[in-house]
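Asker:
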Amino acid sequence: MSWEEDLQGRAVPPSLETLIVPRVRDLGDGFTVRRALPSARRRMVGPFIFLDQMGPADFDPGRGLDVRPHPHIGLSTVTYLFEGEILHRDSLGVVQSIRPGAVNWMTAGQGIVHSERTGPDTRSAGGRLFGIQAWLALPKQHEETAPAFVHHPHDSMPVVEGDGVRLHVIAGEMHGGKSPVRTHSALFYADARLDKGARLKLPAEHEERGLYLVEGSVEVEGTRFQPGELLVFKPGSEIVLSAGDAPARMMLLGGEPMDGPRYLFWNFVSSSQERLEAAKKDWKEGRFAQVPQETEFIPLPPDDPPAPVRYP
Numbered sequence: 001m002s003w004e005e006d007l008q009g010r011a012v013p014p015s016l017e018t019l020i021v022p023r024v025r026d027l028g029d030g031f032t033v034r035r036a037l038p039s040a041r042r043r044m045v046g047p048f049i050f051l052d053q054m055g056p057a058d059f060d061p062g063r064g065l066d067v068r069p070h071p072h073i074g075l076s077t078v079t080y081l082f083e084g085e086i087l088h089r090d091s092l093g094v095v096q097s098i099r100p101g102a103v104n105w106m107t108a109g110q111g112i113v114h115s116e117r118t119g120p121d122t123r124s125a126g127g128r129l130f131g132i133q134a135w136l137a138l139p140k141q142h143e144e145t146a147p148a149f150v151h152h153p154h155d156s157m158p159v160v161e162g163d164g165v166r167l168h169v170i171a172g173e174m175h176g177g178k179s180p181v182r183t184h185s186a187l188f189y190a191d192a193r194l195d196k197g198a199r200l201k202l203p204a205e206h207e208e209r210g211l212y213l214v215e216g217s218v219e220v221e222g223t224r225f226q227p228g229e230l231l232v233f234k235p236g237s238e239i240v241l242s243a244g245d246a247p248a249r250m251m252l253l254g255g256e257p258m259d260g261p262r263y264l265f266w267n268f269v270s271s272s273q274e275r276l277e278a279a280k281k282d283w284k285e286g287r288f289a290q291v292p293q294e295t296e297f298i299p300l301p302p303d304d305p306p307a308p309v310r311y312p
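If you count the sequence shown from 1, position 34 lands on 34 in UniProt numbering, and the numbers rise without skipping.
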């Protein structure tokens, strides 16, 4: 099926390069994810090589998220929540509660291990979890940088407001708001909320640009898009986003093309297939640093497919 068929009779906006409609995957206990990147239609948008919508999921008291310790190399991760709370622990000794609107930027570089769980207080009470997790491939010169974790509270981040638009700039710069998050490549990432009928221009300064719609509907050149759809736009095109007959919320993301292809296997990203193989062996043989206060871990999955996937 071509991506145009996913429009289901809607007009194809001239500025749209592709449309990705991720499938919903149930991970158990009613916790679902939508994986927009990577896709067969588009592997990356700028440095963004992985984009997952988590939930929304409602946990009964005593239940919650339990992602056991697992490793990463060659990327940065950012977990951004709309609702709920996640307790992050990593092999640097960082213990940090992730809450809505805060920016939690973990750079794996040469290697880091972390866990993501529902904290004890939140687990006891039960509640909702809803958010986005993104991975960003590191440029070649930074792939083996030292691992790091940086937390920016919600009230420390720039917010641009006006004409029915509220733009929370997570990384990079947009409409005069500049994030304090240090990145390793030119990119932008923002949480945009539009009131009913509000309009927002998407700057054309970056070659690769995407929009992931979280809530409500948005129109681009007269075509309406729905939650769970990832739009990737043509370079240089003028984009004006218009909310429909209800408020809309979306993630805006992109940047410059990567400095060469990337290989992806499990939680590892690298410009070198040999480096991936070394990371797989290191995890299997227990050479990654451990996460304090954690005794569990996620085993290395089998090679399926047998070779790492190259993007793009």
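Cβ atoms here follow ideal geometry from the backbone N, Cα and C, with glycine treated the same way.
Between P47, F268, V165, A289, which has its C-alpha nearest V218's C-alpha?
Answerer: Out of P47, F268, V165, A289, V165 has the C-alpha closest to the C-alpha of V218.
Asker: Taking the C-alpha atoms as reference points, what is the distance between Q141 and G260?
Answerer: So the two alpha carbons sit approximately 12 angstroms from each other.
Asker: Quick one: measure Cβ to Cβ for residue 315 and V291, integer angstroms, because I've assumed they're closer than 8 angstroms.
Answerer: Since the first residue shown for the chain is 1 and the last is 312, residue 315 is missing from the structure and cannot be characterised.
Asker: Quick check on the burial criterion: 16 or more other C-beta atoms within 10 angstroms. Buried or exposed for Q53?
Answerer: Answer is buried; the Cβ neighbour count reaches 16.
Asker: Would you give the residue range spanned by the beta strand (DSSP E) that L213 belongs to?
Answerer: From DSSP, the beta strand (DSSP E) with L213 extends over 208-215.
Asker: Which runs of the beta strand (DSSP E), 3 residues or longer, sit entirely within the UniProt domain "Pirin C-terminal" (189-288)?
Answerer: Runs of the beta strand (DSSP E) inside the UniProt domain "Pirin C-terminal" (189-288): 199-202, 208-215, 218-220, 223-225, 230-233, 239-243, 248-255, 262-265, 268-270.
Asker: Can you tell me which residues form a DSSP beta bridge with Q133?
Answerer: According to DSSP, Q133 bridges with D52, T79.
Asker: Which residues in the same chain as A102 place their Cβ atom closer than 7 angstroms to its Cβ, once the five residues preceding and following it in sequence are excluded?
Answerer: So the list reads H151, H152, P153, H154, once near-sequence residues are dropped.
Asker: Quick check: H206 and F188, are their CB atoms within less than 8 angstroms of each other?
Answerer: Their beta carbons are under 8 angstroms apart, which means H206 touches F188 by this criterion.
Asker: With distances taken from CA atoms, which of G55, L167, A40, P308 is nearest G228?
Answerer: It is G55.
Asker: My output table needs one value for D122: the three-state DSSP class, helix, strand or coil.
Answerer: Sequence check: residue 122 is Thr here, not Asp. In the structure shown, T122 sits in a helix (DSSP, three-state: H, G or I).
Asker: With E116 as the anchor, note down where its beta strand (DSSP E) starts and where it stops.
Answerer: Here the beta strand (DSSP E) through E116 covers 112-117.
Asker: Which two residues bound the contiguous beta strand (DSSP E) that contains I20?
Answerer: From DSSP, the beta strand (DSSP E) with I20 extends over 16-20.
Asker: Buried or exposed, going by whether 16 or more other CB atoms sit within 10 Å of the CB of residue 314?
Answerer: Nothing can be reported for residue 314: it is not among the residues displayed for the chain, which extend from 1 to 312.
Asker: Locate the beta strand (DSSP E) running through W105, then write down its first and last residues.
Answerer: 103-107 is the extent of the beta strand (DSSP E) around W105.
Asker: Going by the beta-carbon positions, is the gap between M251 and D191 smaller than 8 angstroms?
Answerer: Result yes, Cβ atoms of M251 and D191 sit closer than 8 angstroms.
Asker: Do M44 and Y311 have their beta-carbon atoms positioned less than 8 angstroms apart in this structure?
Answerer: A contact, by the Cβ cut-off of 8 angstroms.
Asker: Classify residue 321 as buried or exposed, calling it buried when 16 or more other Cβ atoms lie within 10 Å of its own Cβ.
Answerer: The chain is shown only over 1 to 312; residue 321 falls outside these bounds and no answer can be derived.
Asker: So which of V33, G74, R35 has the shortest CA-CA distance to S272?
Answerer: For S272, the nearest C-alpha among the options comes from G74.
Asker: Identify whether D303 lies in helix, strand or coil by the three-state DSSP scheme.
Answerer: Here D303 sits in coil by DSSP.
Asker: Tell me whether Q8 sits in a helix, a strand or coil according to DSSP, three-state version.
Answerer: Q8: coil per DSSP, three-state reduction.
Asker: Report back the beta-carbon spacing between F297 and H70 to the nearest angstrom; my notes put them in contact at under 8 angstroms.
Answerer: That pair is a contact at about 7 angstroms.
Asker: Over the uninterrupted beta strand (DSSP E) stretch that includes G64, give me the two end residues.
Answerer: From DSSP, G64 is part of no beta strand (DSSP E); its letter is neither H nor E.
Asker: Indicate the three-state DSSP secondary structure (helix, strand or coil) for Q290 in the structure shown.
Answerer: If DSSP states are grouped into helix, strand and coil, Q290 belongs with coil.
Asker: Quick one: using the 10 Å Cβ neighbour count with 16 as the cut-off for buried, is T183 buried or exposed?
Answerer: So T183 ends up on the buried side.
Asker: Going by C-alpha distance, which of V232, A125, L138 is nearest D58?
Answerer: Comparing Cα-Cα distances from D58 to each of V232, A125, L138, the minimum goes to A125.
Asker: Quick check: what's the CA-CA separation for M38 versus G172?
Answerer: Strictly speaking, residue 38 in this sequence is Pro, with Met absent from that position. Those two C-alpha atoms are separated by around 22 angstroms.
Asker: What is the C-beta distance between E85 and R63, in whole angstroms, given that I count them as a contact (C-beta under 8 angstroms)?
Answerer: That belief does not hold up - the Cβ atoms of E85 and R63 are roughly 14 angstroms apart, past 8 angstroms.
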